[in-house]
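In UniProt numbering, the protein residues as written are 1 to 182.
The structure is reproduced here in structure tokens:
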């Protein structure tokens, strides 16, 4: 099956990425998890390590193996890059080519042919903000495919578009994307 790199960013929906990791593994995929420092405030790397059976990467500057450059090697070993949940902050960084954390550095190092999926999760006003919408359009031009957020009651109590797509929808898009590229 596929080598999926799952990037988890700073959103309350980060806890749902644990189930996503588990489900991807049950489907036979190898999952490598990258986490922004904000994501680690919502859920621990140990959770993802236990579920993925792989080392979780949280720092672009930590190099476990002096014979390789981690973010470059991770990018080369990725069959599918999935950002779920994708925060407004990470979307903005990806759209403008920042490489200041493990998620953005790996994303920037991906070969152009690597499929890239993005599942936003944030407050409705943040999601609908013209800056976020422009960043999403820019990312589409870079080959990212958005898995749109749901309309729901959000963690802040607001009702609107911004909730992470369901795990089933994300899994369906992963399967569809992998079948398209094989």
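Here a beta-carbon is modelled for each residue, glycine too, at the ideal position from N, C-alpha and C.
A quick note: this is a predicted structure, and the numbers were derived from the prediction, not measured.
Under the assumption that residue 35 contacts residue 8 (Cβ atoms under 8 Å), give the Cβ distance between them as a whole number of angstroms.
Counted from its first residue, the chain shown places residue 35 at position 35. Counted from its first residue, the chain shown places residue 8 at position 8. Rounded, the Cβ-Cβ distance is 5 Å, consistent with contact.
Please classify residue 115 as buried or exposed, where buried requires at least 16 neighbouring CB atoms within 10 angstroms.
Translated into positions along the chain shown, residue 115 becomes position 115. Answer is buried; the Cβ neighbour count reaches 16.
Return yes when the C-beta of residue 37 is under 7 Å from any heavy atom of the ligand COA, and no when it is not.
In terms of ligand content, the structure shown is empty, and the ligand COA therefore cannot be addressed.
With DSSP as the reference, identify every bridge partner of residue 163, one or two as the case may be.
Position 163 of the chain shown holds residue 163. Paired residue(s): 150.
Check whether residue 39 and residue 178 have beta carbons under 8 Å apart
Counting from 1 along the chain shown, the entry for residue 39 is found at position 39. Counting from 1 along the chain shown, the entry for residue 178 is found at position 178. No, Cβ-Cβ distance for residue 39 and residue 178 is not below 8 Å.
Excluding the five sequence neighbours on either side, which residues of its own chain have a C-beta within less than 7 Å of the C-beta of residue 127, listed in chain order?
Within the chain shown, the letter at position 127 stands for residue 127. If we look at residue 127 and ignore the five residues flanking it on each side, its Cβ neighbours are 120, 149, 161 and 162.
Please check the pair residue 58 and residue 102, which I expect to be a contact at CB under 8 Å, by giving their CB distance rounded to whole angstroms.
Working through the chain shown from its first residue, we reach residue 58 at position 58. Working through the chain shown from its first residue, we reach residue 102 at position 102. Indeed, because the Cβ distance is near 6 Å, the residues count as touching under 8 Å.
If you draw a straight line from the C-alpha of residue 55 to the C-alpha of residue 133, how long is it?
Here residue 55 refers to the residue found at position 55 of the chain shown. Here residue 133 refers to the residue found at position 133 of the chain shown. In a straight line, the C-alpha of residue 55 is about 33 Å away from that of residue 133.
Exposed unless 16 or more other CB atoms sit within 10 angstroms - verdict on residue 31:
Taking the chain shown and counting its residues from 1, the one referred to as residue 31 is at position 31. With 16 or more other Cβ atoms within 10 Å, it is buried.
How about residue 23 and residue 147: are their beta carbons less than 8 Å apart?
Taking the chain shown and counting its residues from 1, the one referred to as residue 23 is at position 23. Taking the chain shown and counting its residues from 1, the one referred to as residue 147 is at position 147. Result no, Cβ atoms of residue 23 and residue 147 do not sit closer than 8 Å.
Can you check DSSP and say which residues form a bridge with residue 83?
Counting from 1 along the chain shown, the entry for residue 83 is found at position 83. According to DSSP, which records beta bridges pairwise, residue 83 is partnered with 7 and 118.
For the segment 38–53 against the segment 61–80, do three or more pairs of beta-carbon atoms, one drawn from each stretch, fall closer than 8 Å, so that the two count as touching?
no
Where do the N-terminal and C-terminal ends of the beta strand (DSSP E) with residue 34 fall, by residue?
As a working note, residue 34 is residue 34 in the chain shown. From DSSP, the beta strand (DSSP E) with residue 34 extends over 30–35.
What does the Cβ neighbour count give for residue 29, buried or exposed, with the cut at 16 atoms within 10 Å?
What you label residue 29 is simply residue 29 of the chain shown in a count that begins at 1. Result: buried.
Tell me, please, which residues DSSP counts as bridged to residue 145.
Taking the chain shown and counting its residues from 1, one reaches residue 145 at position 145. Partner(s): 117.
Could you pull the start and end residues of the alpha helix (DSSP H) that residue 25 belongs to?
Start at 1 with the first residue of the chain shown, and residue 25 comes out as number 25. Segment 16–26, the alpha helix (DSSP H) holding residue 25.
Beta-carbon separation of residue 10 and residue 87 under 8 Å?
The residue you call residue 10 lines up with position 10 of the chain shown. The residue you call residue 87 lines up with position 87 of the chain shown. Result yes, Cβ atoms of residue 10 and residue 87 sit closer than 8 Å.
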